[in-house]
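Report on the structure given below.
Protein chains in written order, with the working numbering: chain A, 960 to 1286; chain B, 214 to 490.
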């Protein structure tokens, strides 16, 4: 058993390295800006969903308010940059730290709540954040912030002529989120989280400090999501509250993990790799009419996948793998 | 206004609160109901108040069909039942919005601004001076009816028993799917009622449901899951809080008060005001 587990983990790491290397070479063959754009978004959502999965999948605390941390990452970076001239790299880290601190601050009252009460509380807190930013004059209110253009540079993490640097950053972030998950899976924390998810009372009685392990998951998850938010803001060069803190982001972060396989290592990546290109393609090829056909197709697919594969797309792989073993 | 939120929430209280099934398409049910009563008015000149029973009946069928086609399967999922319910109903919500855009929007797209201002159905001054008053009245009746239904009839008991232990009710001869399909139909019919009344004084557009849906979830959770009276009380509190917040803060922040009160209540009472679950 132990040997299998270790072997599986080693194999996961090798597969991830191969995939990352292949992805890194992709821009050599894909020159089309539109396709590059889709790849960047796919990698970003994979990273976000992977981060969401840490708290909601592994630790079982379903959050539909992660847009709050995404928005905080975006706003911290851009406010520091436009108001004080702080480089986005520091803003990014700052945003991550602030988001993690807020997640822990909110954790104190929130983690006492169970089930639907918790989920609704996470939605509500993100909505409060959204409304506050929409009314915060200094932060641009509902008009948002346009990031001033200072020319292409890694220092200011700003590129106009090419999207490739964004691509490599999104890839790096995705790898980071994946690696953190991979590493945590086999750590003390990973085991605690799964225990907390399955049966908090039993976990507590066996000496797991349930509250602290939830806090840890929330902090890691919020930090990574905020980095994603900072990236997204630099990528778009324009942010407003609705476009970085809207409820749809909370759902879009959760969706790849749920469709791919919630609480699994590969679920978010797999889910994002299928969902995001699908979303973008339906939007640009059949959404042009503005008549909502893209929504109909997209929604139907979500209904079908979630009903047909409640454990996500990864269950397809593990099923065939299980068969192989018995044979 | 509070009673109106209550009216939207009462259907959700039944589906979400009593049957413990997540319905992320609740706002879209409301949207469909508003469109239904709008078209009945536009084509047949039936006043929304008169068409309300028709809309409710149509939504009853719709709710039961949604249960039988989608939710029944979502509840069967052994793993992640909650997430499957959330995302299958969320997918449904997207489809419904898309369909609404497809069938209803093109007619108004040429006059995007004025249709919001012009096409609102208003019976104020013609049939009724206070449509809001009627809304409040209907809301109280709907809650009283639901309360009676859940606590005094065999069906209500069957519904609660089915949620508690679907296996055991099967043994005493209750068909779970039949009970829940009826429950969904009834919940949707109540939303239909709310939609018909709200069509009188709110703009109707494909995304209209979303803004009301979140407040409806908050209302039900504030009152506490599993309690009809709680949802009613929640509705009144939400309305009052909104009115008070609007006095103190700019109107764009009025929902903040509602959300803050929800958080305050669940921090003190993690199961809502009158919740049993």
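Heads up, the beta-carbon is just placed ideally off N, CA and C, and yes, glycines get one too.
* Three-pair Cβ contact test at 8 Å for the segment 1231-1239 of chain A versus the segment 998-1017 of chain A -> The segment 1231-1239 of chain A is in contact with the segment 998-1017 of chain A.
* To do: Give the residues from the segment 431-446 of chain B that approach chain A closer than 7 Å (Cβ to any Cβ), ordered along the chain.
  => Sequence-ordered contacts of the segment 431-446 of chain B with chain A read 431, 434 and 438 [C-beta pairs closer than 7 Å].
* Less than 8 Å between the CB atoms is what I'm expecting for residue 1126(A) and residue 999(A), so what's the real figure, rounded? => Rounded, the Cβ-Cβ distance is 5 Å, consistent with contact.
* Asked: Of the residues that make up the segment 463-476 of chain B, which ones have a beta carbon closer than 8 Å to any beta carbon in chain A?
  -> Listed in chain order, the positions of the segment 463-476 of chain B with a beta carbon within less than 8 Å of a beta carbon of chain A are 463, 465, 466, 468, 469, 472, 473, 475 and 476.
* To do: With DSSP as the reference, please indicate the residues paired to residue 1197(A) in a beta bridge.
  => Beta-bridge pairing links residue 1197(A) to 1105(A).
* To do: Below 6 Å CB to CB, which residues in the same chain sit around residue 1010(A) once its five sequence neighbours on both sides are set aside?
  => Closer than 6 Å at Cβ, skipping near neighbours: 1136, 1180, 1183 and 1184.
* residue 1270(A), DSSP secondary structure in three states -> Here DSSP, grouped into helix, strand and coil, assigns residue 1270(A) to coil.
* Asked: Can you name the residues of chain B whose CB is closer than 8 Å to the CB of residue 1071(A)?
  -> Residues of chain B passing the Cβ test: 480 and 483.
* **Chain-ordered neighbours of residue 1265(A) on chain B, where CB pairs are closer than 7 Å** => For the C-beta of residue 1265(A), the chain B residues within less than 7 Å are, from N- to C-terminus, 297, 300, 301 and 304.
* Is residue 1117(A) helix, strand or coil when you go by DSSP? -> Per DSSP, reduced to three states, the secondary structure at residue 1117(A) is strand.
* Asked: Are the C-beta atoms of residue 1210(A) and some chain B residue less than 8 Å apart?
  -> Interface residue, yes.
* Asked: Between which two residues does the alpha helix (DSSP H) carrying residue 1060(A) extend?
  -> Here the alpha helix (DSSP H) through residue 1060(A) covers 1047-1069.
* Asked: Which residues in the same chain have their Cβ closer than 8 Å to the Cβ of residue 1155(A), if we skip the five residues on either side of it in sequence?
  -> For residue 1155(A), where only same-chain residues beyond five positions count, the Cβ hits under 8 Å are 1018, 1019, 1162, 1167, 1169, 1172 and 1173.
* **Same chain only: Cβ atoms within 6 Å of residue 281(B), ignoring 5 sequence neighbours per side** => Around residue 281(B), the same chain offers 394 as residues with beta carbons nearer than 6 Å, after the five sequence neighbours per side are excluded.
* Measure from the C-beta of residue 308(B) to each C-beta in chain A and report whether the shortest distance is under 8 Å. => Answer yes: the Cβ-Cβ gap between residue 308(B) and chain A drops below 8 Å somewhere.
* Helix, strand or coil for residue 991(A) per DSSP? -> Secondary structure of residue 991(A) (DSSP, three-state): coil.
* Between which two residues does the alpha helix (DSSP H) harbouring residue 1216(A) extend? -> Segment 1206-1219, the alpha helix (DSSP H) holding residue 1216(A).
* To do: Note down, in chain order, all residues in the segment 1166-1185 of chain A with a beta-carbon under 9 Å from any beta-carbon belonging to chain B.
  => Contact annotation: in the segment 1166-1185 of chain A, no residue has its CB less than 9 Å from a CB in chain B.
* Asked: Of all Cβ atoms in chain A, is any one closer than 8 Å to the Cβ of residue 242(B)?
  -> Cβ-Cβ to chain A under 8 Å: no for residue 242(B).
* Would you verify that the beta carbon of residue 458(B) is, or is not, closer than 8 Å to some beta carbon of chain A? => No, no contact with chain A.
* Could you spell out where the alpha helix (DSSP H) holding residue 1028(A) opens and where it closes? => Counting along the chain, the alpha helix (DSSP H) containing residue 1028(A) begins and ends at 1026-1043.
* Asked: Which residues in chain B sit within 7 Å of residue 1257(A), going by Cβ to Cβ distance?
  -> At a beta-carbon threshold of 7 Å, the residues of chain B lying near residue 1257(A) are 307, ordered along the chain.
* Asked: Between the segment 1192-1208 of chain A and the segment 1078-1096 of chain A, do three or more beta carbon pairs fall short of 8 Å?
  -> Output reads yes: the segment 1078-1096 of chain A touches the segment 1192-1208 of chain A.
* Around the C-beta of residue 456(B), are 16 or more other C-beta atoms found within 10 angstroms, so that it is buried, or is it exposed? -> With fewer than 16 other Cβ atoms inside 10 Å of its own Cβ, residue 456(B) counts as exposed.
* Name the residue from 218(B), 475(B), 248(B) and 350(B) whose alpha carbon lies nearest to the alpha carbon of residue 316(B). => Comparing Cα-Cα distances from residue 316(B) to each of 218(B), 475(B), 248(B) and 350(B), the minimum goes to 248(B).
* To do: List the residues of chain B that residue 1034(A) touches, going by C-beta distances under 9 Å, in chain order.
  => Within chain B, no residue comes near residue 1034(A); the closest Cβ sits about 18 Å away, beyond 9 Å.
* Leaving out five residues on either side along the sequence, give the residues of the same chain with a beta carbon under 6 Å from the beta carbon of residue 402(B). => Within the same chain, residue 402(B) has close Cβ partners 269, 272 and 273.
* Cβ of residue 1104(A) less than 8 Å from any chain B Cβ? -> So no, residue 1104(A) is outside the interface.
* For residue 1215(A) and chain B, any beta-carbon pair shorter than 8 Å? -> Interface criterion not met: the Cβ of residue 1215(A) is under 8 Å from no Cβ in chain B.
* To do: Check whether the Cβ of residue 1025(A) lies closer than 8 Å to any Cβ atom in chain B.
  => Output row for residue 1025(A): interface = no.
* Could you confirm whether any beta carbon from chain A is found closer than 8 Å to the beta carbon of residue 227(B)? => With 8 Å as the cut-off, residue 227(B) does not count as an interface residue toward chain A.
* Asked: Taking Cβ to Cβ, would you say residue 406(B) is nearer than 8 Å to residue 392(B)?
  -> Result no, Cβ atoms of residue 406(B) and residue 392(B) do not sit closer than 8 Å.
* Asked: Which residues, taken in chain order from the segment 965-988 of chain A, show a beta carbon closer than 7 Å to some beta carbon of chain B?
  -> The segment 965-988 of chain A vs chain B, Cβ under 7 Å: nothing.
* Asked: Taking 7 Å as the cut-off, does the CB of residue 236(B) come closer than this to any heavy atom belonging to the ligand HEM?
  -> The model depicted lacks the ligand HEM and carries no ligand whatsoever.
* Asked: According to a CB-to-CB cut-off of less than 7 Å, which residues of the segment 387-403 of chain B neighbour chain A?
  -> Legend: CB atoms of the segment 387-403 of chain B lying less than 7 Å from CB atoms of chain A are not found in any residue.
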